[in-house]
Amino acid sequence: MKRAILTMCLCSGLMAAVAQVAATREHARLIREHICADYKQMYRQPEGGALIYPYLTPGSKSYAAVLWDWDSWLSDVALRQILADVGTFEDRQEALAYEQGCVLNYLAYTSDADGYMPMVVDAQSDPERIRPKDIYSTNMHKPVIAQHAAFIASQNGGDVSWLREGFGRMQAFVRNYQEHHRHAATGLFYWQDDLAIGVDNDPSTFFRPKGSSASIFLNCLMYKELRAMSWLAEKMGLTKAAQCYEQDADSLCEAVRRYCWDEKDGMYYSVDLNLLPYTGQPQIIFGKPFVLHEGAPRQYPCLIQRLGSWSGFMALWAGIATQHHAQRMVRENLLDGRTFCAPYGIRTLSKLEQMYNLRATHNPSNWQGPIWGISNYLVFRGLVDYGFDAEARQLAEKTCVLFGEDLRKNRTLHEYYNPDTGEGIINPGFQNWNYLVLNMLAWLEGRTVVREF
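Numbering of the sequence shown is given in numbering that gives the first Met the number 0, commencing with residue 0 and proceeding in unit increments.
Here it is in structure tokens:
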């Protein structure tokens with residue numbers, strides 16, 4: 000009797016596994032068919048206005064003719080996977096102008112003198128007004144332009160000739176970050192305000208005082224940007240510059256590990272820089288001169304923000320986390336169903352945070368809980384890089400189901416999703432980094448995987 004029951008259980012489990020494989024294959028088929036038939040809708044020609052070169056747009060009516068900074072970079076990584084899977088030589092040649100144009104459009108509006116680079120250029124933008132009056136009081140392009148350029152070059156045999164004329168402006172851009180967006184006491188980079196930070200309403204920055212957020216998201220991007228600058232400089236024959244970028248990347252890695260790692264929670268967090276300085280100057284208190292805090296002035300340059308955001312896992316994607324840190328992050332945070340782990344991927348904010356919500360919002364888009372294709376992908380990449388293959392497989396399969404079901408029901412993809420039901424929340428027709436699911440599928444199937452630089 001026991002043997003019969005055991006046999007039935009084994010057969011039931013095997014049937015369930017076979018059904019799961021069949022369902023995943025069907026989702027993968029739907030995804031491939033949709034994306035391969037649809038991807039060229041991201042291509043845009045410069046039809047007057049501010050945009051000078053061909054470029055890639057995120058897609059959907061909401062982003063019909065606009066060039067965004069990190070969107071165009073990651074859309075391009077997905078595009079290259081599409082071309083690797085089904086593209087011809089002619090398809091790759093056609094795509095190159097749109098890829099390079101994303102970088103060249105931005106460099107066209109970057110000053111050699113101060114390095115300011117806009118984060119977005121719209122086809123209807125007034126070229127004379129793209130630059131703010133005070134470039135140091137607000138955010139600029141996220142530090143991904145060098146990563147995008149290095150990705151394009153690495154996909155084309157290391158060719159940087161198309162970039163040589165504008166590379167000085169790219170160096171000025173990075174120098175702007177180093178000199179005007181960096182906290183001297185910690186060595187961390189910070190947002191000037193909460194304008195267009197990519198993860199729009201991340202509570203570590205959203206509605207926070209100006210210059211106060213040393214975002215883990217920003218610092219992980221900057222670490223990889225410096226690595227990319229080093230690679231590009233080496234390709235340009237600028238050996239000393241390459242060494243300087245490499246050294247700065249190493250210094251930033253040390254700073255992130257020192258100030259953003261939380262031993263208590265086993266997680267990387269953003270940090271708060273909004274601390275009053277110790278002046279040592281006497282004040283009249285209780286009717287007599289008194290030096291406030293003289294006996295024990297502040298000895299720490301920042302305060303950690305224990306806000307459970309998916310951005311902490313960017314330390315895996317960037318390669319900043321130690322192996323020990325990675326083990327704790329995955330075991331204690333990523334796999335916790337009370338916080339991040341959801342049926343359709345990784346919640347962008349821990350479900351235990353008071354700010355957690357799944358509202359459909361524009362300006363800002365909602366990163367306080369919904370599933371985004373890009374956060375699933377970047378966490379997946381970090382898991383693969385640190386050897387968490389089982390966890391990476393599970394996340395890739397969840398993403399495949401999420402998008403496959405959206406296509407089956409609605410014949411389109413959305414910008415972000417409900418973590419528990421998989422229902423799309425806003426922007427049907429969104430393309431952009433959702434297409435990185437193909438890169439995940441390539442990994443699942445043991446095929447050649449295109450990945451960002």
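Every residue gets a Cβ at the ideal spot worked out from N, C-alpha and C, and that includes glycine. Here the structure is a predicted model, which means the values were calculated and not measured.
Aspartate 121 sits close to alanine 49, with the two beta carbons spaced by under 8 Å. Taking 3 residues as the minimum length, the beta strand (DSSP E) runs contained wholly in the region 268-294 are 282-284, 287-289, in order along the chain. The beta carbon of tyrosine 434 is closer than 6 Å to those of Ile34, Ala77 in its chain, skipping five residues each way along the sequence. Secondary structure at serine 153: helix, using DSSP grouped into helix, strand and coil. The three-state secondary structure of leucine 162, taken from DSSP, is helix. Segment contact: the region 333-342 against the region 273-288, fewer than three CB-CB distances shorter than 8 Å; contact not assigned. The continuous alpha helix (DSSP H) containing tryptophan 72 extends over residues 68-85.
Each residue's CA atom was taken as its position, placing aspartate 90 and alanine 83 some 10 Å apart. Here the region 146-154 does not lie against the region 180-194, with fewer than 3 beta-carbon pairs under 8 Å apart.
Fewer than three pairs of CB atoms, one per stretch, sit closer than 8 Å, so the region 284-299 makes no contact with the region 361-376. In this structure, the CA atom of leucine 220 is about 12 Å from the CA atom of phenylalanine 452. Secondary structure at aspartate 261: strand, using DSSP grouped into helix, strand and coil. Assigned with DSSP and collapsed to three states, leucine 348 falls in strand. DSSP lists Tyr416 as the bridge partner or partners of glycine 423. Each residue's CA atom was taken as its position, placing glycine 428 and glutamine 246 some 43 Å apart. For valine 119, there is no enclosing alpha helix (DSSP H); the enclosing beta strand (DSSP E) covers residues 119-121.
Judged by pairs of C-beta atoms under 8 Å, the region 404-422 does not touch the region 111-130, as fewer than three such pairs exist. Counted as a single uninterrupted DSSP element, the alpha helix (DSSP H) harbouring threonine 398 occupies residues 388-409.
Within the model, the alpha-carbon separation for glycine 381 versus asparagine 409 is close to 30 Å. Counted as a single uninterrupted DSSP element, the stretch harbouring glutamate 444 is not any alpha helix (DSSP H), since DSSP gives it neither H nor E. If one requires a minimum length of 4 residues, the alpha helix (DSSP H) runs lying completely within the region 299-348 are 313-317, 322-328, in chain order. Put simply, the backbone Cα of threonine 447 is about 6 Å away from that of alanine 441.
When the alpha-carbon of asparagine 138 is set against those of Leu217, Glu253, Glu233, the nearest one is in Leu217. Going by DSSP, glutamate 93 is part of the alpha helix (DSSP H) stretching over 88-106.
Around the beta carbon of threonine 87, a 10 Å sphere encloses fewer than 16 other beta carbons of the protein chains shown; the residue is thus reported as exposed. Histidine 140 counts as buried, since at least 16 other C-beta atoms from the protein chains shown sit within 10 angstroms of its C-beta. Counting only the Cα atoms, valine 383 lies some 12 Å from arginine 450. In the three-state DSSP reduction, isoleucine 370 falls in the strand class (E or B). In this structure glutamate 352 is not in contact with leucine 406, their Cβ atoms being roughly 31 Å apart against a cut-off of 8 Å. The Cβ atoms of alanine 213 and cysteine 301 sit closer than 8 Å to each other. For the 8 Å CB-CB criterion, tryptophan 371 and threonine 398 do not form a contact. Our two residues, tyrosine 62 and glutamine 282, have alpha carbons roughly 55 Å apart in a direct line.
Between the region 313-333 and the region 242-258, the count of C-beta pairs closer than 8 Å reaches three or more; the two stretches touch. At the C-beta level, glycine 58 and asparagine 431 come within 8 Å of one another. If you draw a straight line from the Cα of glycine 368 to the Cα of glutamine 393, it is about 19 Å long.
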